[in-house]
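For reference, each letter of the sequence shown is one residue, going 204 to 526 in this note's numbering. Glycine is no exception: its CB is placed at the ideal position from the N, C-alpha and C atoms. What you are looking at is a predicted structure, and each value in this text was computed from that prediction instead of being measured.
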Amino acid sequence: MGDIDRTVYFDGSILEEKTSYDESSQADRLMKTFCDRMMRVDFHLMKDPKTKVRTRPSYLTFIKDGNDGLLSDFSRSFADREIAKIPLKNPQRMDSIRRSLVLLAFLGILSAYAQSPPSIAPAAAPAFSISVARSLDVLLQDYAYRAFVRPRTAVLYNASVPPNITGITLSVIRFRSGSLRLRGVASLKEFVIPDGVIATPWVERLALVYQNLGNWSSFYYGLPGYTFLSPVLGLLAYDARNLSATNLSELSFVASRNPILIHFQNVKSPIDGSTPRCVWFNLEGLPEFKDLESGETSSCSMTQQGHFSIVVNSTAPLAPGPE
């Protein structure tokens, strides 16, 4: 097969080259170029409403339920725009490459925030990252409520997640608000919820959605300067009046008497004596640190909903986790 011309656009520049028409080598070269150049993506160009992005609809067919809640419109379009310039024949190869490009587009956006000119407000970086995490919360609430088939009160239901985020564990349980406040929950996975928990605004029934982000923890809740010793766990409260509802806002969820305890499992240990700490991410994505429970190596307490983990300074080498 003869040579063909290829034009690839990155950060406002044009890169032209001749390359052999070989699907595997072209895909590999494209991926290498993305890895080498994505760090230089011009974020102003991404934000420019005049920027035209053209996609090929046939390459969007693999997007299943769930992806739209995880990936920004820009990153999907950006991946389509770049990959459409090379006529790969193998659809499976195309899908695999496109998934990788979407992820790289996200990494490029995050990097652009970090490297952007002073005209970009420094506060924009956490705002962008938490928007991705909040999109995940919206998606997981939807999938959690799908597990309510002939639902019973105070019964924990395990829910499925989209295949593109395999590794996240999702469960949901429904209560009458008055019952939860009077009795609490002796065991909800790693959480122990005491009596006295108040949800506002008042609803007759509420649902608690449990998340274990597993190997996705640092992707959604990356914390510069720290390493996660445990997966990020989420506990969020929603109105359970309509179990078909989606895109719900969280209820305010506060322990008014004793704190809610979290007994983390499979916690790694720093091998140099560094002190692990609890971290709580509120719904705005802001982290708050506190000490572990007295005499404990894997337990934290909290009074509000959000996402939680155990972290250590990232300069500390880690010992292997328990088998």
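Q) Buried or exposed: which applies to residue 318, given that a residue is buried once 16 or more other Cβ atoms fall within 10 Å of its Cβ? A) Any reading at residue 318 is ruled out, since the residue's pLDDT is 43, under 50, leaving its predicted position unreliable.
Q: Could you tell me whether the Cβ atoms of residue 503 and residue 465 are closer together than 8 Å?
A: yes
(Q) Whole angstroms are fine: how far does the CA of residue 483 sit from the CA of residue 353? (A) 34 Å
Q: Please report how far the alpha carbon of residue 515 lies from the alpha carbon of residue 431, in whole angstroms.
A: 7 Å
Q: Using the Cα positions of residue 407 and residue 489, report the straight-line distance between them to the nearest angstrom.
A: 30 Å
Q.
Please give the ranges of any beta strand (DSSP E) in the segment 372 to 422, keeping only runs that are unbroken, at least 3 residues long and fully inside the region.
A. 372 to 379, 388 to 391, 394 to 396, 400 to 403, 408 to 415
Q) Looking only at C-alpha atoms, which of 349, 463, 418, 389 sits nearest to residue 433? A) 418
Q: Spell out the partners DSSP gives residue 515 in its beta bridges.
A: 430
Q: Determine the direct distance from the alpha carbon of residue 438 to that of residue 513, and round the result to whole angstroms.
A: 15 Å
**Q.** Continuous alpha helix (DSSP H) stretch holding residue 363: start and end
**A.** Where residue 363 is concerned, there is no enclosing alpha helix (DSSP H), given that its DSSP letter is neither H nor E.
Q | Three-pair Cβ contact test at 8 Å for the segment 339 to 359 versus the segment 373 to 384 | A | yes
(Q) Could you tell me which whole beta strand (DSSP E) segments of length 3 or greater appear in the segment 440 to 481? (A) 455 to 458, 463 to 466
Q: Would you identify the three-state DSSP class for residue 507, choosing helix, strand or coil?
A: strand
Q. Whose C-beta lies closer than 7 Å to the C-beta of residue 389 among residues of the same chain, with five residues either side of it excluded?
A. 395
Q: Please look up how many angstroms separate the CB atoms of residue 495 and residue 509, rounded, as I've assumed it's under 8 Å.
A: Actually they are not in contact, since the Cβ atoms of residue 495 and residue 509 sit about 17 Å apart, beyond 8 Å.
(Q) Measuring straight from C-alpha to C-alpha, what distance separates residue 436 and residue 448? (A) 23 Å
Q: Leaving aside the five residues before and after residue 402 along the sequence, list all residues of the same chain whose C-beta is less than 7 Å from its C-beta, in chain order.
A: 380, 409, 440, 454, 455, 456
**Q.** Buried or exposed by the 16-neighbour rule on C-beta atoms within 10 Å, applied to residue 479
**A.** buried
(Q) Alpha carbons only, please: which of 386, 426, 343 is nearest the one belonging to residue 369? (A) 343
Q: Have a look at residue 367 and residue 378 and give me their C-alpha separation to the nearest angstrom.
A: 30 Å
(Q) Applying the 10 Å Cβ sphere with the 16-neighbour rule, what's the burial state of residue 458? (A) buried
Q. What number of angstroms, rounded off, separates the C-alpha of residue 462 from the C-alpha of residue 365?
A. 33 Å
Q: State the start and end residues of the unbroken beta strand (DSSP E) segment that holds residue 351.
A: Careful: residue 351 lies outside any beta strand (DSSP E) and carries neither H nor E.
Q: Tell me, please, which residues DSSP counts as bridged to residue 502.
A: 466
(Q) Using the Cβ count rule (16 or more neighbours within 10 Å means buried), how would you classify residue 385? (A) exposed
Q: Specify the secondary structure class of residue 342 as computed by DSSP and reduced to three states.
A: helix
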